[in-house]
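Read through the structure below, which is laid out as structure tokens, and then see the notes.
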Amino acid sequence: MPSDPSSGAKHTAIHFGAGNIGRGFIGPLLVKANFHVVFADVNTQLIDKINEQASYEVHYLEPRKPKPDHIENFSGVVSGSDQLERDISEEDTKLITTSVGIAVLKHVAPAIAKGLKRRKKEAGQSTINIIACENGQGATDTLKEEVYKHLEVDEDKKWIDEFVGFANCSVDRIVPPFEPEENENPLDVGVESFHEWVVDSNGLKGLSRSTKSLDIPGMKLTSDLPAYVQRKLYTLNCGHATAAYLGFILGLPTIYDAITNTSHIYPVVLGAMRESGAALLKKFPGVFSEQEHEAYIEKTLGRFKNSNVVDDVTRVGRQPLRKLGQNERLIGPMTSCGEYNLPMRNLAMGVAATLMYRNDEDDQAKEIKEKVDKVGIEKAVEDLTGFKKGSKEWEEIINALNVLKGWKEETENQGGKMTA
Ligand SMILES: NC(=O)c1ccc[n+]([C@@H]2O[C@H](COP(=O)([O-])OP(=O)(O)OC[C@H]3O[C@@H](n4cnc5c(N)ncnc54)[C@H](O)[C@@H]3O)[C@@H](O)[C@H]2O)c1
Ligand SMILES: O=P(O)(O)OC[C@@H](O)[C@@H](O)[C@H](O)[C@H](O)CO
1 MPSDPSSGAK
11 HTAIHFGAGN
21 IGRGFIGPLL
31 VKANFHVVFA
41 DVNTQLIDKI
51 NEQASYEVHY
61 LEPRKPKPDH
71 IENFSGVVSG
81 SDQLERDISE
91 EDTKLITTSV
101 GIAVLKHVAP
111 AIAKGLKRRK
121 KEAGQSTINI
131 IACENGQGAT
141 DTLKEEVYKH
151 LEVDEDKKWI
161 DEFVGFANCS
171 VDRIVPPFEP
181 EENENPLDVG
191 VESFHEWVVD
201 SNGLKGLSRS
211 TKSLDIPGMK
221 LTSDLPAYVQ
231 RKLYTLNCGH
241 ATAAYLGFIL
251 GLPTIYDAIT
261 NTSHIYPVVL
271 GAMRESGAAL
281 LKKFPGVFSE
291 QEHEAYIEKT
301 LGRFKNSNVV
311 DDVTRVGRQP
321 LRKLGQNERL
331 IGPMTSCGEY
341 NLPMRNLAMG
351 VAATLMYRND
361 EDDQAKEIKE
371 KVDKVGIEKA
381 VEDLTGFKKG
391 SKEWEEIINA
401 LNVLKGWKEE
411 TENQGGKMTA
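Going by UniProt numbering, the first residue of the sequence shown is number 1, and it counts up by one from there.
Next up, the structure:
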């Protein structure tokens, strides 16, 4: 749907994934930047609701409860539909963003490729940018590769090289699932007030000549994106995952419950973030100072301690095998610490806790259990983390598993939940 002139919107942005981050962060930010936002989702009931409602509220999960943001000027389209192809081809559409989960990018790529091919015919020389707003490194690169797999003709590839920007980014705002009250709008979301969206300026096309940006307030551009992505993924997401899996072991249901456990969890999460940070500062010298990074850690821990954000450890711990990826929040910082010969004991606790995570509703947690049952824990550590038996990393994880066995027993002795 092109932007409706009566709405005052300058342009259209298409956002794949009308879930927590879509409705709670990127969508609202683009609406405020004067875009008409078209949410594309496979959930047809959600798309119907989006098209039924003229507006929704973004509620702030903060102690002082700031006034909610009122969001309007959006519509919905079913992902993969002809309408979506048309929307992408419209000259007025200047931006495509996603927040569907990194593993889903390959499923949205065919629709993007189809829309771009049509755009080449219909909107000729008008540029468009694509940004995958997912946790992980190089998510937009992954999307780009997937899109190119659906281009059969060299001419189309050349046109896309010239007119389509693909920019990686780091996206940060904690948005847990939100249950609206009975009389509230089903599209309403609840968010923390903190937000950070850092985008790789090198990947974008058609920046404004005067501001050298896309003029989207809230989108910060950098040419040091890998440092920002690793700072966020290897600090916030590392600490978040560590708190979630340790919380599970201690029978604590939410991140708030986990992080406020000062006897066991808090010192490990803080330690893991600091260990990870020591390697980050070595890897990206001059981008962040030591004091700046310590302040980042403190700020992040403060966000975890926000009692108004009720975030289940099962959401934060979702898809544990993805989180054990080589360039992901748990193994990535341990590998960096190994490279710089830095301590990694607390990081190893996070990895060990991930291997002890059990949740029958999470297929990847089930796979971990099956693997451990099948090959035994020592081999499972090798296979699931990539650290060879006898390496420093492997030894640290085995030691951490022994410590955590003790934590588990202590918890069981306390009736299945260890508070404080
Ligand atoms: N929630 C957060 O706190 C947060 C913060 C930063 C980054 N992220 C990242 O944002 C991404 C989305 O997370 P979320 O929490 O919003 O998840 P979510 O489950 O709330 O939303 C994902 C949405 O994508 C839709 N979807 C699935 N397949 C699709 C397809 N093929 N086409 C279009 N839509 C499709 C789903 O129906 C759902 O509405 C993830 O990569 C996550 O890591 C989340
Ligand atoms: O979305 P995931 O599964 O990669 O990670 C779970 C949480 O750590 C994550 O969603 C955070 O809430 C978010 O990254 C905060 O910006």
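A virtual CB, placed ideally from N, CA and C, is assigned to each residue, including glycine.
In terms of residue numbering, what span does the alpha helix (DSSP H) encompassing residue i cover?
i: Ser336; result: Ile331 to Glu339
i: Lys417; result: Run containing Lys417: none; DSSP gives neither H nor E here.
i: Ala298; result: Per the sequence presented here, residue 298 reads as Glu, with Ala not at that position. Note, Glu298: alpha helix (DSSP H), Glu290 to Phe304.
i: Val375; result: Asp363 to Val375
i: Ser75; result: Element bounds for Ser75: not the alpha helix (DSSP H) but the beta strand (DSSP E), Phe74 to Val78.
i: Glu196; result: First-last for Glu196: Glu196 to Asp200, but that is the beta strand (DSSP E), not the alpha helix (DSSP H).
i: Glu328; result: Counting along the chain, Glu328 falls outside any alpha helix (DSSP H), and DSSP gives it neither H nor E.
i: Leu321; result: Pro320 to Lys323
From which residue to which residue does the beta strand (DSSP E) around residue i run?
i: Cys169; result: Cys169 to Asp172
i: Val189; result: Val189 to Val191
i: Val164; result: Val164 to Phe166
i: Leu221; result: Met219 to Thr222
i: Ser55; result: Ser55 to Tyr60
According to DSSP, is residue i part of a helix, a strand, or is it coil?
i: Asn237; result: helix
i: Asn129; result: strand
i: Lys181; result: The displayed chain sequence assigns Glu, not Lys, to residue 181. Glu181 falls in the coil class under three-state DSSP.
i: Thr262; result: coil
i: Lys94; result: strand
i: Met344; result: coil
i: Thr211; result: coil
i: His15; result: strand
i: Ile216; result: coil
i: residue 456; result: There is simply no residue 456 to check, as the chain begins at 1 and stops at 420 in what is shown.
i: residue 471; result: For the chain, the structure presents residues 1 to 420; residue 471 sits outside this window and is missing.
i: His70; result: strand
i: Asp41; result: strand
i: Asp312; result: strand
Measure the C-alpha to C-alpha separation of residue i and residue j and round it to an integer number of angstroms.
i: Lys371; j: Thr242; result: 21 Å
i: Ala111; j: Glu91; result: 17 Å
i: residue 424; j: Tyr56; result: An answer regarding residue 424 cannot be provided, because it is not within the stretch 1 to 420 covered by the chain.
i: His59; j: Lys49; result: 18 Å
i: Lys94; j: Ile128; result: 5 Å
i: Asn43; j: Val78; result: 8 Å
i: Leu214; j: Cys337; result: 37 Å
i: Asp125; j: Gly17; result: The sequence given here has Gln at residue 125, not Asp. Going from the Cα of Gln125 to the Cα of Gly17 covers about 27 Å.
i: Ala103; j: Gly251; result: 29 Å
i: residue 428; j: Leu143; result: What is shown of the chain runs 1 to 420, which leaves residue 428 out entirely.
i: Ala40; j: Leu84; result: 7 Å
i: Asn219; j: Pro68; result: Checking the sequence shown, residue 219 turns out to be Met, not Asn. Whole-angstrom Cα-Cα distance: 21 Å.
i: Glu382; j: Trp394; result: 7 Å
Could you name the residues of the same chain whose beta carbon sits closer than 6 Å to that of residue i, not counting the 5 residues immediately before and after it, in chain order?
i: Gln364; result: Gln319, Pro320 and Leu321
i: Leu225; result: Asn168 and Asp200
i: Ser170; result: Val198, Tyr228, Val229 and Lys232
i: Ala244; result: Val313, Val316 and Gly317
Mind checking whether the beta-carbon of residue i lies closer than 8 Å to any heavy atom of ligand 1?
i: Glu395; result: no
i: Ile255; result: no
i: His36; result: no
i: Asn135; result: yes
i: Phe74; result: no
i: residue 422; result: Look at the range of the chain in this structure, 1 to 420, and you will see that residue 422 is not part of it.
i: Ala40; result: yes
i: Gly386; result: no
Should residue i be counted as a contact of ligand 3 given a C-beta to heavy atom distance under 8 Å?
i: Gln319; result: Ligands in the displayed structure: ligand 1 and ligand 2; ligand 3 is not one of them.
Are there any heavy atoms of ligand 2 lying less than 8 Å away from the beta-carbon of residue i, as far as the coordinates show?
i: residue 425; result: Absent from the model: residue 425. The displayed extent of the chain is 1 to 420, so no value can be given.
i: Asp172; result: yes
i: Arg23; result: no
i: Asp87; result: no
i: Asp311; result: yes
i: Leu236; result: yes
i: Lys49; result: no
i: Val229; result: no
i: Lys299; result: no
i: Lys323; result: yes
i: Val175; result: yes
i: His70; result: no
i: Ala241; result: yes
i: Lys232; result: yes
What does a CB cutoff of less than 7 Å around residue i pick up in its chain, not counting 5 residues either side in sequence?
i: Cys238; result: Ala272, Met273, Ser276, Arg329, Leu330, Pro333 and Gly350
i: Tyr234; result: Ser276, Leu280, Arg329, Gly332 and Pro333
i: Leu342; result: Glu275, Ala278 and Ala279
i: Asn346; result: Val268, Gly271, Ala272 and Glu275
i: Thr262; result: Ala420
i: Gly386; result: Gln326 and Ile331
Leaving aside the five residues before and after residue i along the sequence, list all residues of the same chain whose C-beta is less than 8 Å from its C-beta, in chain order.
i: Lys369; result: Arg358
i: His264; result: Leu246, Leu250, Trp407 and Met418
Does any residue of chain C bring its CB to less than 9 Å from the CB of residue i?
i: Lys158; result: As a matter of chain content, chain C is missing from the structure shown, which is built from one protein chain.
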